[in-house]
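Since the structure comes first, as structure tokens, the remarks are kept for the end.
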Amino acid sequence: MTKQTVLGRVTQLAKANINALIDQAEDPQKMLDQLIRDYTNNIAEAEQAVAATIGNLRLMEQDHREDVDAAAEWGGKALAASRKADELRAAGSAADADKFDKLAKVALGRQLRAEQEAKAAEPTIASQTEVVDKLKSGLDRMRNKLTELMSKRDELVARAKSAQAQNRMMDAVKNIDVLDPTSELSRFEDKVRREEAKALGKQELAASSLDAQFEQLDGLGESVEVEARLAALKTAS
Numbered sequence: 000m001t002k003q004t005v006l007g008r009v010t011q012l013a014k015a016n017i018n019a020l021i022d023q024a025e026d027p028q029k030m031l032d033q034l035i036r037d038y039t040n041n042i043a044e045a046e047q048a049v050a051a052t053i054g055n056l057r058l059m060e061q062d063h064r065e066d067v068d069a070a071a072e073w074g075g076k077a078l079a080a081s082r083k084a085d086e087l088r089a090a091g092s093a094a095d096a097d098k099f100d101k102l103a104k105v106a107l108g109r110q111l112r113a114e115q116e117a118k119a120a121e122p123t124i125a126s127q128t129e130v131v132d133k134l135k136s137g138l139d140r141m142r143n144k145l146t147e148l149m150s151k152r153d154e155l156v157a158r159a160k161s162a163q164a165q166n167r168m169m170d171a172v173k174n175i176d177v178l179d180p181t182s183e184l185s186r187f188e189d190k191v192r193r194e195e196a197k198a199l200g201k202q203e204l205a206a207s208s209l210d211a212q213f214e215q216l217d218g219l220g221e222s223v224e225v226e227a228r229l230a231a232l233k234t235a236s
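Per numbering that gives the first Met the number 0, the sequence shown runs over residues 0 to 236.
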């Protein structure tokens, strides 16, 4: 996987709208599980690519520093050779002075090549630095997205379990319909009402029997009164 591909995928995943994806999914939990796997795998791949890109960048930076140092070193050698040539020429040794001037030119040529190599590497280093910064930023966003995904999944699972529990409760309540004559509660209520009616019947029957007994007592009292009056009449005569 090239760094361009990694950068594109990291950027795409980092910008993903998790809520929109959940709303569009037929099975949100299954979709979230797949997204978590995708993000985890892509983060691992991106981390490897970022590490390799950073490694290459550091090597280029090291080469650039070496070219800069080499240019400075060859510049110093050219200056030393030029000064030596000037001293020899002033001392009347023209042939030796020419040798040192040639050495100065060789040093200047190598200085120029080192400077050119350093300058040529600078745009690539700048580009790679930008890529590394984007990859690092994208990785951070992807890690945040992964945390968000895991949180959403946990929330969704909790909501699903709660909904299932509520549905089971409602199903249980629905099975106990007090208006349904076939329900256990309804049959139990009918049994209670029949027992209550039976008790009322016994009470009414007991009350009727008691009334009859009192009526008998009332009749007996009248007979006693009649006998007493008859006895009084006989005594008077």
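Quick reminder that beta carbons are idealized off the backbone N, C-alpha and C, glycines included.
(message) Considering only the alpha carbon of each residue, which of 59, 204 and 231 lies closest to residue 128?
(response) The residue labelled residue 128 in the question sits at position 129 within the sequence shown. Of the listed residues, the one whose Cα sits closest to residue 128 is 59.
(request) Enumerate in chain order the residues of its own chain whose CB-to-CB distance from residue 0 is below 7 Å, with the five nearest sequence positions on each side excluded. (result) For this step, residue 0 is matched to residue 1 along the sequence shown. Low per-residue confidence applies at residue 0: pLDDT is 46, beneath 50, and the placement is therefore not dependable, though the value from the model is reported in the following sentence. 44 and 48.
(request) May I ask you to verify whether the stretch 103-119 touches the stretch 26-42, counting CB pairs closer than 8 Å and requiring at least 3? (result) no
(message) Measuring CB atoms only, is the stretch 151-164 touching the stretch 28-39, in the sense that at least three cross pairs come out at less than 8 Å?
(response) yes
(message) Please state the DSSP three-state secondary structure of residue 32.
(response) Residue mapping note: residue 32 aligns to position 33 of the sequence shown, counting from 1. The answer is helix: DSSP assigns residue 32 an H, G or I state.
(message) Measuring straight from C-alpha to C-alpha, what distance separates residue 205 and residue 228?
(response) Here residue 205 refers to the residue found at position 206 of the sequence shown. Here residue 228 refers to the residue found at position 229 of the sequence shown. Spanning the two alpha carbons is a distance of roughly 36 Å.
(request) Report yes if the CB atom of residue 134 is closer than 8 Å to the CB atom of residue 52, and no otherwise. (result) To locate residue 134, count along the sequence shown from 1; it is residue 135. To locate residue 52, count along the sequence shown from 1; it is residue 53. Yes, they are a contact pair.
(request) Output yes or no for whether 8 Å exceeds the beta carbon distance between residue 35 and residue 142. (result) Taking the sequence shown and counting its residues from 1, the one referred to as residue 35 is at position 36. Taking the sequence shown and counting its residues from 1, the one referred to as residue 142 is at position 143. No, the pair does not count as a contact, with Cβ atoms beyond the cut-off.
(request) Quick one: using the 10 Å Cβ neighbour count with 16 as the cut-off for buried, is residue 191 buried or exposed? (result) Mapped onto the sequence shown, residue 191 falls at position 192. Residue 191 is exposed by the Cβ-count criterion.
(message) When you compare the CB positions of residue 110 and residue 77, do they come within less than 8 Å of one another, or not?
(response) The residue you call residue 110 lines up with position 111 of the sequence shown. The residue you call residue 77 lines up with position 78 of the sequence shown. For residue 110 and residue 77, yes; Cβs fall inside 8 Å.
(message) Is the separation between the beta-carbon of residue 102 and that of residue 80 shorter than 8 Å?
(response) Along the sequence shown, read from residue 1 onward, the residue named residue 102 stands at position 103. Along the sequence shown, read from residue 1 onward, the residue named residue 80 stands at position 81. In this structure, residue 80 lies closer than 8 Å to residue 102 by Cβ.
(request) Could you name each continuous beta strand (DSSP E) segment of 3 residues or more that falls completely within the stretch 97-181, going from the start of the chain to the end? (result) none
(message) Quick check on the burial criterion: 16 or more other C-beta atoms within 10 angstroms. Buried or exposed for residue 197?
(response) The residue labelled residue 197 in the question sits at position 198 within the sequence shown. Exposed, because fewer than 16 other Cβ atoms sit within 10 Å of the Cβ of residue 197.
(message) What does the alpha-carbon distance come out to for the pair residue 108 and residue 97?
(response) What you label residue 108 is simply residue 109 of the sequence shown in a count that begins at 1. What you label residue 97 is simply residue 98 of the sequence shown in a count that begins at 1. Taking the straight line from one Cα to the other gives about 16 Å.
(request) Compute the Euclidean distance between the alpha carbons of residue 90 and residue 66, then round it to the nearest angstrom. (result) Residue 90 sits at position 91 when you count from the first residue of the sequence shown. Residue 66 sits at position 67 when you count from the first residue of the sequence shown. Between residue 90 and residue 66, the C-alpha separation is close to 36 Å.
(message) For residue 122 and residue 88, I'd like the C-alpha separation in whole angstroms.
(response) Here residue 122 refers to the residue found at position 123 of the sequence shown. Here residue 88 refers to the residue found at position 89 of the sequence shown. Looking at the two C-alpha atoms, the distance is approximately 43 Å.
(message) Taking the beta carbon of residue 144 as the centre, do at least 16 other beta carbons fall within 10 Å, making it buried, or is it exposed?
(response) Indexing the sequence shown from 1 puts residue 144 at position 145. Looking at its Cβ environment, which holds 16 or more other Cβ atoms inside 10 Å, residue 144 is buried.
(request) Count the other C-beta atoms from every protein chain shown that fall within 10 angstroms of the C-beta of residue 230, then say buried if there are 16 or more, exposed otherwise. (result) Within the sequence shown, residue 230 is the residue found at index 231, counting from 1. By the neighbour-count rule (16 or more Cβ atoms within 10 Å), residue 230 is not buried but exposed.
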